[in-house]
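There are 4 protein chains.
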Amino acid sequence: MFSINPQSGLPIYKQLMEQIRRMISSGQLKPGDNLPSVRELALTHAVNAMTISKAYNMLEAEGLLARQRGKAMTVSDNNQLSENKQDRLKRLQPALSQLTIATDQLELDIEDVITLLRNKVEK
Amino acid sequence: MFSINPQSGLPIYKQLMEQIRRMISSGQLKPGDNLPSVRELALTHAVNAMTISKAYNMLEAEGLLARQRGKAMTVSDNNQLSENKQDRLKRLQPALSQLTIATDQLELDIEDVITLLRNKVEK
Amino acid sequence: MFSINPQSGLPIYKQLMEQIRRMISSGQLKPGDNLPSVRELALTHAVNAMTISKAYNMLEAEGLLARQRGKAMTVSDNNQLSENKQDRLKRLQPALSQLTIATDQLELDIEDVITLLRNKVEK
Amino acid sequence: MFSINPQSGLPIYKQLMEQIRRMISSGQLKPGDNLPSVRELALTHAVNAMTISKAYNMLEAEGLLARQRGKAMTVSDNNQLSENKQDRLKRLQPALSQLTIATDQLELDIEDVITLLRNKVEK
DNA sequence: GTGGTCTAGACCACA
DNA sequence: GTGGTCTAGACCACA
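Chains as they are written, first to last, in our numbering: chain A, 277 to 399; chain B, 277 to 399; chain C, 277 to 399; chain D, 277 to 399.
The structure is reproduced here in structure tokens:
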């Protein structure tokens with residue numbers, strides 16, 4: 277469900293936050309949906325529970341997640357995340373920039389890159 | 277020459293290291309070429325000199341850069357970085373993965389993403 | 277535990293690195309042992325934390341120390357440092373050379389030097 | 277005549293200064309004796325001439341060396357360096373300390389170290 | 001609690 | 001001019 281890379285240098289809790297935001301933004305996670313428990317995520321991604329917890333807490337503070345005592349965290353009913361396509365494309369910008377910078381510095385042909393991209397998505 | 281983003285979460289010195297690796301890999305920086313001085317990079321990117329220095333140091337430890345006392349750092353003559361196209365495409369993988377993960381989680385159409393990518397590169 | 281001399285001209289972090297290498301080589305520091313925390317060493321030796329940290333970092337790069345997020349650095353389980361006596365004597369060479377060069381240039385009698393050495397060790 | 281090690285971390289000009297002091301202290305260099313020219317030392321030790329020059333300049337400022345226009349530097353006639361044996365033994369202290377610290381940290385037997393020392397001196 | 005990153009600024013060694 | 005070392009101190013990530 278999530279793709280966590282502890283080696284990337286990016287703080288784990290931030291990786292998690294952004295990925296949850298995206299899935300809410302796309303509607304893969306809908307208002308009222310349960311999130312995996314802290315313990316479950318910690319186990320499946322071999323990460324400390326407090327790190328998961330921190331991500332959930334910060335998303336709760338943002339109003340995206342809601343906490344119910346004794347139950348799983350859920351996606352907040354009145355979260356502000358637009359599912360609008362333009363907004364989702366905007367949210368993609370950082371990843372796009374990273375790719376174009378890398379393409380440029382590696383002097384790679386954009387068409388080669390696009391071919392790789394298509395292959396990767398089809399799998 | 278380099279694209280530094282202090283907000284990204286990725287340590288600045290690691291951003292710099294990867295970008296230098298790419299430019300050596302593509303041949304934009306050739307063995308014997310001088311790198312910008314620590315102070316120059318620090319000024320142009322509004323970053324502390326020690327941060328630049330750390331990146332240079334670690335690349336020297338990797339054997340990519342060479343230090344000459346009192347002179348600018350240079351690209352090492354016998355660096356191991358392949359300029360082979362396959363290897364450069366491989367070095368692109370992390371950026372590609374980030375983009376496909378984001379595309380997937382945002383439930384975006386790959387063709388829309390490719391259109392954005394082409395626009396960005398043409399600029 | 278360590279003997280740091282800021283006046284010696286030798287960078288502090290290098291002094292520390294060599295002394296840690298020696299103590300691993302002699303088995304005074306064993307695989308799995310915790311090293312003193314960066315802050316502790318910084319306090320007890322009146323040295324900046326970043327200086328200690330730099331030594332630890334470089335020894336990690338050498339494979340002698342291992343980092344565990346949020347915990348103390350430890351001696352690496354599979355460090356390559358031989359505890360073999362011949363190898364330890366070899367590691368002593370630079371200090372031996374310094375002493376013989378000085379003895380020679382000061383035209384001192386080696387037996388006088390050895391007497392001083394014995395006294396110093398007995399204390 | 278001198279033993280310069282650019283890898284040691286100790287500034288080259290300081291290595292040179294101390295070695296000249298020792299040889300004056302032992303009488304191997306006597307008042308009025310010529311020192312090697314800057315150029316000669318620079319060549320034989322593969323060191324930049326300005327580095328040698330700096331050592332000579334600082335020893336001149338200390339009153340140990342004297343400069344004569346157009347001629348070689350000489351040992352100053354009225355230098356203050358005692359040739360007294362106690363003082364020469366004192367000048368040996370830093371090297372002795374380095375050796376005892378290393379012996380201790382490597383958990384080596386002092387008698388083994390002394391054997392090595394004797395061998396080294398006899399050669 | 002642990003280590004990591006970064007800054008501003010001082011001072012040093014070498015070319 | 002070049003890079004290196006060190007400090008004091010702020011703030012962050014993780015356990």
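Don't be surprised by glycine CBs; every beta carbon is placed ideally from N, CA and C.
DSSP places S329(B) in the uninterrupted alpha helix (DSSP H) bounded by 325 to 337. Under the criterion of beta carbons closer than 8 Å, R298(D) and Q381(C) qualify as touching, at roughly 4 Å.
In the structure shown, the three-state DSSP call for L286(A) is coil. Cβ-Cβ distances below 6 Å link T327(D) to I288, Y289 in the same chain, with the five nearest sequence neighbours on each side left out; the list follows chain order. Cβ-Cβ distances below 8 Å link E359(D) to S301, S302, G303 in the same chain, with the five nearest sequence neighbours on each side left out; the list follows chain order.
A straight line joining the alpha-carbon of E398(C) with that of L292(C) spans about 24 Å. Residue state for N395(B) is assigned as helix, using DSSP reduced to three classes.
In the same chain as L357(B), and ignoring 5 residues on each side of it, the C-beta atoms closer than 6 Å to its own belong to I300, S301, in chain order. Among the residues of chain D, none has a CB under 7 Å from the CB of T320(C); the nearest is roughly 16 Å distant. As summarised for the segment 355 to 387 of chain B, the continuous alpha helix (DSSP H) elements at least 4 residues long and confined to that stretch are 361 to 367, 369 to 381, given in chain order. CA-to-CA, the gap between V389(D) and Q374(D) works out to about 13 Å. Counting of Cβ neighbours within 10 angstroms places K330(C) among the buried residues, the total reaching 16 or more.
As the crow flies, the alpha-carbon of T379(B) is around 57 Å from that of S284(C). Neighbours of S301(C) in chain D, taken as residues whose beta carbon is under 7 Å from its own, are L382 in chain order. When DSSP states are grouped into helix, strand and coil, A322(B) belongs to the coil group. Under a criterion of Cβ atoms nearer than 9 Å, the residues of chain B adjacent to L375(A) are, in order, L368, A371, L372, Q374, L375, L393, K396. Within the same chain, Cβ atoms closer than 8 Å to the Cβ of M334(B) are found at Y289, M293, the five residues on either side in sequence being excluded.
Taking 8 Å as the cut-off, the beta carbon of N355(A) is found closer than this to the beta carbon of P307(A). Interface residue (Cβ-Cβ distance to chain B less than 8 Å): G285(A) is classified as such. Cβ-Cβ separation between R345(B) and E336(B): approximately 13 Å, too far for a contact (criterion under 8 Å).
If you compare the alpha carbons of Q369(B), N310(B), P370(B) with that of S352(B), the shortest gap goes to N310(B). For L292(C), the secondary structure class from DSSP, reduced to helix, strand or coil, is helix.
For V389(D), the neighbours in chain C by C-beta distance under 7 Å run, in chain order, L368. Per the coordinates, the alpha-carbon of Y332(C) lies some 7 Å from the alpha-carbon of L341(C). Within chain B, no C-beta atom comes less than 7 Å from the C-beta of K330(A); the nearest is roughly 14 Å away.
Per the coordinates, the alpha-carbon of Q369(C) lies some 10 Å from the alpha-carbon of T376(C). The Cβ atoms of L384(D) and L365(C) lie closer than 8 Å to each other. Straight-line measurement puts the Cα of E338(C) at about 25 Å from the Cα of T320(C).
Under the three-state reduction of DSSP, L317(C) is assigned to helix. Our two residues, N324(A) and K396(D), have alpha carbons roughly 56 Å apart in a direct line. For the segment 343 to 367 of chain A, the residues whose beta carbon sits under 7 Å from a beta carbon of chain B are, in order, R364, L365, R367. The alpha carbon of L317(C) has as its nearest neighbour, out of I280(C), L286(C), K347(C), E387(C), the alpha carbon of I280(C). Contact between I386(C) and R394(D) is confirmed by a C-beta separation of about 7 Å, below the 8 Å threshold.
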